[in-house]
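Below is one structure, written out as structure tokens, with a few remarks after it.
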Amino acid sequence: MKTKSKNIISLKYLILILVSISTLVTPISSKAQTVDDLSKKPVFIMRLSDGSEKITRIPLVSDSQYKMMIQLNRDSFFLKHPEIKGTSVAVFPLKSTVKKLLSLNDILNNFKIENRYRKFDIKIIGFPKLTKTELETLCATENSIQSVSIDKEKEAIIIKMILDK
Amino acid sequence: MPIKVFTFCLLCCFLIIHACKKDRSENSNAAHQSVTELKSWFISTKTQLAGNELLIGLNPIWETGVLKENKKEIIYEVSLENANNIFTTRKDIDVKQAADYSKLSLFKLVLIKNKSTDSIRSAYMNIVAENAYNINLNNIHYQDVANFTGVVQYYNLDGSSNTGWHYINGKIDVNFTPVIYDDLKPITEAVCGSAPVYQTICGGPNSDTHSCYTTQIGGGYYQCNKSLQPDDGGGGGFSGDGSGGLGVGRRPPIVDDPSKAEHQLKKDKLPPNNTTDKQVLNTCVFKTMEWINKYFGGNKDINIIVNKYAEATKSQDQSTGTKSFLLMTDGVPGNELDGLVSMFFETTPTESIKKSIDSGYPLMGTITTDDAKIGHEVMITGYNNNGSIQYFDPQTGKYNTKSPAEFSSLKTIKGNK
Numbered sequence: 030m031k032t033k034s035k036n037i038i039s040l041k042y043l044i045l046i047l048v049s050i051s052t053l054v055t056p057i058s059s060k061a062q063t064v065d066d067l068s069k070k071p072v073f074i075m076r077l078s079d080g081s082e083k084i085t086r087i088p089l090v091s092d093s094q095y096k097m098m099i100q101l102n103r104d105s106f107f108l109k110h111p112e113i114k115g116t117s118v119a120v121f122p123l124k125s126t127v128k129k130l131l132s133l134n135d136i137l138n139n140f141k142i143e144n145r146y147r148k149f150d151i152k153i154i155g156f157p158k159l160t161k162t163e164l165e166t167l168c169a170t171e172n173s174i175q176s177v178s179i180d181k182e183k184e185a186i187i188i189k190m191i192l193d194k
Numbered sequence: 134m135p136i137k138v139f140t141f142c143l144l145c146c147f148l149i150i151h152a153c154k155k156d157r158s159e160n161s162n163a164a165h166q167s168v169t170e171l172k173s174w175f176i177s178t179k180t181q182l183a184g185n186e187l188l189i190g191l192n193p194i195w196e197t198g199v200l201k202e203n204k205k206e207i208i209y210e211v212s213l214e215n216a217n218n219i220f221t222t223r224k225d226i227d228v229k230q231a232a233d234y235s236k237l238s239l240f241k242l243v244l245i246k247n248k249s250t251d252s253i254r255s256a257y258m259n260i261v262a263e264n265a266y267n268i269n270l271n272n273i274h275y276q277d278v279a280n281f282t283g284v285v286q287y288y289n290l291d292g293s294s295n296t297g298w299h300y301i302n303g304k305i306d307v308n309f310t311p312v313i314y315d316d317l318k319p320i321t322e323a324v325c326g327s328a329p330v331y332q333t334i335c336g337g338p339n340s341d342t343h344s345c346y347t348t349q350i351g352g353g354y355y356q357c358n359k360s361l362q363p364d365d366g367g368g369g370g371f372s373g374d375g376s377g378g379l380g381v382g383r384r385p386p387i388v389d390d391p392s393k394a395e396h397q398l399k400k401d402k403l404p405p406n407n408t409t410d411k412q413v414l415n416t417c418v419f420k421t422m423e424w425i426n427k428y429f430g431g432n433k434d435i436n437i438i439v440n441k442y443a444e445a446t447k448s449q450d451q452s453t454g455t456k457s458f459l460l461m462t463d464g465v466p467g468n469e470l471d472g473l474v475s476m477f478f479e480t481t482p483t484e485s486i487k488k489s490i491d492s493g494y495p496l497m498g499t500i501t502t503d504d505a506k507i508g509h510e511v512m513i514t515g516y517n518n519n520g521s522i523q524y525f526d527p528q529t530g531k532y533n534t535k536s537p538a539e540f541s542s543l544k545t546i547k548g549n550k
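One line per chain: the protein sequences are Y and C, in this order.
Numbered by our numbering, the letters in the first sequence go through residues 30 to 194 in order.
Numbered by our numbering, the letters in the second sequence go through residues 134 to 550 in order.
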């Protein structure tokens with residue numbers, strides 16, 4: 030009886046130690062993944078011709094559209110959006126031919142990417158590796174994506190944009 | 134008889150009390166008049182200095198004023214609102230530590246009226262503690278520093294340095310006076326330190342509502358003299374009338390108006406001061422190149438420069454637009470700067486900023502930012518006799534000055550390609 034009680038106590042200690050280790054490890058690794066100082070990056074606004082807007086860190090637009098970027102008065106923007114941090118604010122006034130803006134999920138759905146691949150890294154050709162937060166706010170115009178393919182070997186989803194001629 | 138004595142005593146008491154009351158009232162009126170006069174003098178002097186000041190945003194909170202007097206002078210000490218978080222240090226600092234250092238610095242206004250001549254003088258009194266422990270800087274007063282260890286220095290109302298005193302446990306150790314250079318001389322042995330002046334603006338054009346931007350706005354070198362006069366515990370004051378440029382105070386070591394340098398490139402070809410034509414996103418390199426191109430009579434704007442460089446350096450599967458976007462968003466990597474500059478400009482080796490400017494050549498130079506890993510590119514346009522370097526900042530659209538040591542990766546531009 031005594032032995033059983035001792036075993037139970039040591040089992041409790043073991044569980045306690047394991048829980049402690051897991052709580053120590055989990056936050057650090059998750060923190061490492063989400064560390065992304067957005068206050069040092071610019072903010073972009075995608076503005077459709079109907080006046081609706083979407084805020085993003087990674088705007089995917091056509092080449093000619095990139096040249097139409099306009100810097101905004103950052104003070105008035107950050108007063109309006111105190112929850113957003115950033116170095117500067119620029120807006121893309123999109124052409125009237127653009128009717129829809131796509132999120133990363135929309136892009137993957139449009140190109141019928143199966144759920145089993147959606148845990149793969151996302152690589153946008155021409156862009157450096159994007160952080161999780163950047164990907165979450167990614168915003169593309171409906172006519173800017175040429176293809177989305179799967180690289181099973183590298184476990185990556187490759188997004189290719191349309192190149193202007 | 135006792136009634137007569139009692140009445141007499143009562144009368145005497147009445148006269149004494151009445152006389153005292155009158156005296157106090159007269160004193161109070163005199164003090165009130167002095168305060169009004171001191172305030173008027175300060176406002177009038179500041180009005181004359183408008184646009185020619187370094188310490189902008191130090192505004193008196195008059196209701197905090199404390200009046201005291203000695204045999205010779207009436208002294209009025211007033212707390213200051215410090216809208217731009219101006220602070221000084223005793224050495225150049227990493228701006229990341231600005232918040233810590235700003236706690237060690239406090240500015241007050243001191244107005245003094247000489248009782249015999251009625252002349253008025255004034256200065257900003259700057260108290261700089263050497264450590265943060267158990268110090269309430271508000272308890273340090275003009276010539277009354279208790280057992281303070283640190284520096285009390287005075288700035289004329291135009292922001293130029295007046296004089297300063299170093300204290301150890303309330304006793305003066307060293308008196309220091311600003312050194313004025315007549316040319317870009319190397320620092321001599323007489324110089325015993327510098328006193329850079331910084332300001333931290335939060336929510337301004339260079340920061341968002343959550344972060345702040347610290348920059349050096351002035352400062353100079355000092356010559357130290359061991360205090361010759363035995364200190365009675367009162368402490369040192371300041372010399373001159375303290376108005377700086379208007380009075381007998383010294384000229385500031387940093388020129389008041391940074392858009393005017395004593396040695397400058399051709400003014401009519403330089404960017405206008407306070408322009409709204411500023412850099413977009415992180416395009417300081419490209420905007421600086423645009424201004425230099427214009428200086429040499431070119432017409433390549435930022436879009437032409439970015440696109441040409443993007444076209445030449447994009448990867449095989451990358452569009453020019455994407456590469457341009459990334460260059461404008463992330464800036465130019467440090468190791469690509471030489472290639473970019475040589476694509477558009479003829480350059481010549483930089484011997485010194487002074488020599489390049491004297492030859493009529495603008496320079497590109499990198500200054501530090503809040504983030505030590507990120508540099509900020511500016512156009513160097515002139516220099517002053519006190520050694521400060523004038524530059525045009527494409528981010529603010531304004532001219533500013535810094536010490537030569539604060540520029541790196543200097544590139545002297547001879548002309549456009």
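All residues carry an ideal CB built from backbone N, CA and C; glycine is no exception.
Source: prediction; values computed, not measured.
Residue i versus residue j - alpha carbon distance
{"i": "Gln356/C", "j": "Phe309/C", "result": "5 Å"}
{"i": "Ile537/C", "j": "Lys241/C", "result": "Looking at the sequence shown, residue 537/C is not Ile but Pro. Approximately 31 Å between the Cα atoms of the pair."}
{"i": "Ser235/C", "j": "Ala185/Y", "result": "49 Å"}
{"i": "Ser457/C", "j": "Gly515/C", "result": "31 Å"}
{"i": "Val474/C", "j": "Phe525/C", "result": "18 Å"}
{"i": "Asp180/Y", "j": "Asp150/Y", "result": "10 Å"}
{"i": "Lys420/C", "j": "Ile437/C", "result": "11 Å"}
{"i": "Phe175/C", "j": "Leu191/C", "result": "12 Å"}
{"i": "Lys550/C", "j": "Gly430/C", "result": "11 Å"}
{"i": "Ser74/Y", "j": "Leu398/C", "result": "The amino acid at residue 74/Y is misidentified as Ser; the sequence shows Ile. Taking the straight line joining both Cα atoms gives about 39 Å."}
{"i": "Thr169/C", "j": "Ser212/C", "result": "16 Å"}
{"i": "Gly297/C", "j": "Pro329/C", "result": "13 Å"}
{"i": "Asp104/Y", "j": "Gly115/Y", "result": "11 Å"}
{"i": "Lys141/Y", "j": "Ser178/Y", "result": "10 Å"}
{"i": "Gln166/C", "j": "Ser173/C", "result": "11 Å"}
{"i": "Tyr331/C", "j": "Asp390/C", "result": "16 Å"}
{"i": "Val72/Y", "j": "Pro122/Y", "result": "14 Å"}
Cross-chain neighbours of residue i in chain C, by beta carbon under 8 Å
{"i": "Gly155/Y", "result": "Lys447, Ser448, Asp450, Gln451, Ser452, Thr455, Lys456, Leu459"}
{"i": "Leu190/Y", "result": "Per the sequence presented here, residue 190/Y reads as Met, with Leu not at that position. Near Met190/Y (Cβ distances below 8 Å), the residues of chain C are Ser452, Thr455."}
Within chain Y, partners of residue i - CB distance below 9 Å
{"i": "Val413/C", "result": "Met98, Ile99, Gln100, Ser117, Ala119"}
CA nearest to the CA of residue i, picked from the options
{"i": "Gly351/C", "options": "Gly498/C, Lys427/C, Arg223/C", "result": "Arg223/C"}
{"i": "Asn295/C", "options": "Val307/C, Ser372/C, Ser541/C", "result": "Ser372/C"}
{"i": "Glu479/C", "options": "Asp471/C, Asp251/C, Val211/C", "result": "Asp471/C"}
{"i": "Lys279/C", "options": "Tyr288/C, Gly467/C, Lys304/C", "result": "It should be noted that the sequence gives Ala, not Lys, for residue 279/C. Out of Tyr288/C, Gly467/C, Lys304/C, Lys304/C has the C-alpha closest to the C-alpha of Ala279/C."}
{"i": "Thr502/C", "options": "Lys229/C, Leu171/C, Ile435/C", "result": "Lys229/C"}
{"i": "Tyr275/C", "options": "Asn215/C, Leu239/C, Val307/C, Thr333/C", "result": "Leu239/C"}
{"i": "Cys417/C", "options": "Val465/C, Trp195/C, Asn440/C", "result": "Val465/C"}
{"i": "Gly370/C", "options": "Glu210/C, Gly198/C, Ala445/C, Tyr428/C", "result": "Glu210/C"}
{"i": "Pro118/C", "options": "Ser255/C, Ile136/C, Asn203/C", "result": "For residue 118/C there is no data in the structure shown, the boundaries of chain C being 134 and 550."}
{"i": "Arg76/Y", "options": "Leu101/Y, Lys70/Y, Lys69/Y", "result": "Leu101/Y"}
Cut-off 6 Å between Cβ atoms - residues of its own chain near residue i, not counting five sequence neighbours on either side
{"i": "Ile153/Y", "result": "Ile188"}
{"i": "Thr481/C", "result": "Thr545, Lys547"}
{"i": "Lys129/Y", "result": "Glu171"}
Where residue i meets chain Y, residues with beta-carbon distance less than 8 Å
{"i": "Thr462/C", "result": "Lys70, Pro71"}
{"i": "Asn436/C", "result": "Lys96"}
Cβ shell of residue i (< 7 Å), same chain only, five flanking positions each side left out
{"i": "Thr408/C", "result": "Gly530"}
{"i": "Lys201/C", "result": "Ile208"}
{"i": "Ala164/C", "result": "Leu200"}
{"i": "Ala443/C", "result": "Thr453, Lys456, Ser457, Leu460"}
{"i": "Leu270/C", "result": "Leu239, Ile260, Ala262"}
DSSP bridge partner residues for residue i (one or two, in chain order)
{"i": "Asp150/Y", "result": "Ala185/Y"}
{"i": "Met75/Y", "result": "Lys83/Y, Phe121/Y"}
{"i": "Met497/C", "result": "Met512/C, Lys544/C"}
{"i": "Thr170/Y", "result": "Leu130/Y"}
{"i": "Met258/C", "result": "Lys241/C, Tyr287/C"}
{"i": "Met190/Y", "result": "Ile174/Y"}
{"i": "Tyr442/C", "result": "In the DSSP output, where bridge partners are listed per residue, Tyr442/C has none listed."}
Contact set between residue i and chain C, taken where Cβ atoms lie within less than 7 Å
{"i": "Asp92/Y", "result": "Ser452, Thr453, Gly454"}
Chain-order list of residues whose beta-carbon lies under 8 Å from that of residue i (same chain, five-residue window excluded)
{"i": "Thr483/C", "result": "Ser489, Leu496, Leu543, Lys544, Thr545"}
{"i": "Ile301/C", "result": "Thr282"}
{"i": "Ile191/Y", "result": "Ser91, Asn172, Ser173, Ile174, Gln175"}
{"i": "Ala445/C", "result": "Met476"}
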